[in-house]
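The next block holds one structure in the form of structure tokens; read it before the comments.
Residue numbers (this note's numbering): 20 to 434.
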């Protein structure tokens, strides 16, 4: 209490309220803990929102790194050399038959092989007929390749083997089937040296592929050696050259390979290398974040509505207390500050719990997927404060409502 002069000139005793930050936090904490179950249910929305935000950004960042790692292992190490131009210009620029050997001389090249579509002149493919059993014919494409093609396109072999330089040099009629072609022809193993007919020409199947990381056209094709295609189908030149490089060497190989394959005029050959993995990762992260951030924002909105509702109910329940505080000298700003602090504390608690759950969820998902978790420390630190801001904004209206109550009306309503 402090002696103050009344505006009329008389002296008297009036009450003057002084609410420190420490007392304000104590009052807010007491208000929140007075109804623990209600407070716990109130912060669920904020917890869900912050958890969604932290987990979404953490998982997308972790997944982005995994995407880049896989991209580096497959796409970012691939270079394809093709003739530039079209029509007559394309026929004038050719890839040499020894392109594989030339490319292997470059530092940074792990594997290389030519691949060409073979014109079989409409010949259909069938497996060798079994006695008294009908045989179906299929339009299965044929590709010719050099021995290094299978390593260059990262094939996985299901059974058998792939052809080698000896098969190619002797122009032997051997074939490797893609998994789709093998399924059509109903060939599942090569232990009995199964054969297929392409038109009237018989080829012995020596291997069946299981998968191909690059050049997916090979999945449903019959693959034969280059010299076999040259001898039987008049293949003139290789169609393109596939190169597998060391990580980080693709751009350099893309510049050097045309000069090695066509020293007189490298511009007649076009080298294609994969796009930057960082750009691909950023694009994927952007798409993923946009989707889940919306979900997180909706959860935060639900949490804010819950805090606002509970704070408003608290104001209605404590009208008598508000009237008493006002009668004892508390100002409007003190009442508003008390309820704002309570809602902010609720948001801060929800943000802290949500950030912790988001981190745990990111680590759990990474452990299940056998990924290395990547977390943005700034987000983890800022998440509790984001929850506090949500609580502060949510408590604005209830706090203003409480501050606008007149002491007499509040005391009358609270009795």
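We put the CB at the ideal spot given by N, CA and C, even for glycine.
Would you mind working out which of the options sits nearest residue i, comparing C-alpha positions?
{"i": "residue 379", "options": "266, 210, 78", "result": "78"}
{"i": "residue 140", "options": "316, 286, 186, 217", "result": "217"}
{"i": "residue 66", "options": "374, 413, 381, 386", "result": "374"}
{"i": "residue 74", "options": "423, 407, 398", "result": "398"}
{"i": "residue 103", "options": "389, 287, 271, 41", "result": "287"}
{"i": "residue 122", "options": "271, 174, 208, 215", "result": "271"}
{"i": "residue 128", "options": "155, 158, 144, 168", "result": "168"}
{"i": "residue 125", "options": "317, 275, 352", "result": "275"}
{"i": "residue 209", "options": "178, 199, 238, 234", "result": "178"}
{"i": "residue 44", "options": "370, 359, 324", "result": "359"}
{"i": "residue 403", "options": "377, 383, 389", "result": "377"}
{"i": "residue 370", "options": "384, 332, 381, 405", "result": "405"}
{"i": "residue 58", "options": "231, 388, 331, 394", "result": "331"}
{"i": "residue 225", "options": "253, 418, 242", "result": "242"}
{"i": "residue 221", "options": "229, 231, 247, 188", "result": "247"}
{"i": "residue 420", "options": "203, 381, 352, 206", "result": "352"}
{"i": "residue 49", "options": "364, 394, 396", "result": "364"}
{"i": "residue 273", "options": "85, 41, 63, 98", "result": "98"}
{"i": "residue 324", "options": "290, 362, 356, 201", "result": "362"}
{"i": "residue 407", "options": "64, 56, 55, 42", "result": "64"}
{"i": "residue 425", "options": "350, 56, 388, 205", "result": "350"}
{"i": "residue 180", "options": "42, 227, 205", "result": "227"}
Return helix, strand or coil for residue i, following the three-state DSSP convention.
{"i": "residue 75", "result": "helix"}
{"i": "residue 179", "result": "strand"}
{"i": "residue 373", "result": "helix"}
{"i": "residue 393", "result": "coil"}
{"i": "residue 62", "result": "coil"}
{"i": "residue 109", "result": "Because the pLDDT at residue 109 is just 43, under 50, the model does not fix this residue reliably, and the point stays unresolved."}
{"i": "residue 81", "result": "helix"}
{"i": "residue 254", "result": "coil"}
{"i": "residue 117", "result": "coil"}
{"i": "residue 239", "result": "helix"}
{"i": "residue 424", "result": "coil"}
{"i": "residue 150", "result": "Note that residue 150 scores 47 on pLDDT, short of 50, meaning its location in the model is unreliable and no value can be drawn from it."}
{"i": "residue 140", "result": "coil"}
{"i": "residue 350", "result": "coil"}
{"i": "residue 410", "result": "helix"}
{"i": "residue 282", "result": "coil"}
On the DSSP bridge list, what partners appear for residue i?
{"i": "residue 100", "result": "260, 290"}
{"i": "residue 145", "result": "156, 216"}
{"i": "residue 174", "result": "231"}
{"i": "residue 164", "result": "134, 244"}
{"i": "residue 128", "result": "264"}
Below 8 Å on the Cβ atoms is my guess for residue i versus residue j; work out the distance and round it to an integer in Å.
{"i": "residue 61", "j": "residue 326", "result": "6 Å"}
{"i": "residue 223", "j": "residue 192", "result": "7 Å"}
{"i": "residue 8", "j": "residue 160", "result": "The first residue shown for the chain is 20 and the last is 434, placing residue 8 beyond what the model contains."}
{"i": "residue 256", "j": "residue 134", "result": "So it is not a contact: roughly 12 Å between Cβ atoms."}
{"i": "residue 137", "j": "residue 163", "result": "5 Å"}
{"i": "residue 386", "j": "residue 263", "result": "Between residue 263 and residue 386 the Cβ distance is about 32 Å, and since that is not below 8 Å, they are no contact."}
{"i": "residue 392", "j": "residue 81", "result": "5 Å"}
{"i": "residue 367", "j": "residue 414", "result": "Contact flag wrong, Cβ pair sits at about 12 Å."}
{"i": "residue 100", "j": "residue 277", "result": "7 Å"}
{"i": "residue 354", "j": "residue 401", "result": "About 30 Å separates the two Cβ atoms, so there is no contact after all."}
{"i": "residue 213", "j": "residue 147", "result": "7 Å"}
{"i": "residue 175", "j": "residue 230", "result": "4 Å"}
{"i": "residue 166", "j": "residue 184", "result": "5 Å"}
{"i": "residue 245", "j": "residue 116", "result": "7 Å"}
{"i": "residue 390", "j": "residue 85", "result": "5 Å"}
Is the CB of residue i under 8 Å away from at least one CB in chain B?
{"i": "residue 417", "result": "No chain B is part of this structure, which consists of one protein chain only."}
### Message
Quick check for students: name the residue ranges of the beta strand (DSSP E) that lie wholly in the region 183-232, counting only runs of 3 or more.
### Response
193-196, 214-217, 220-231
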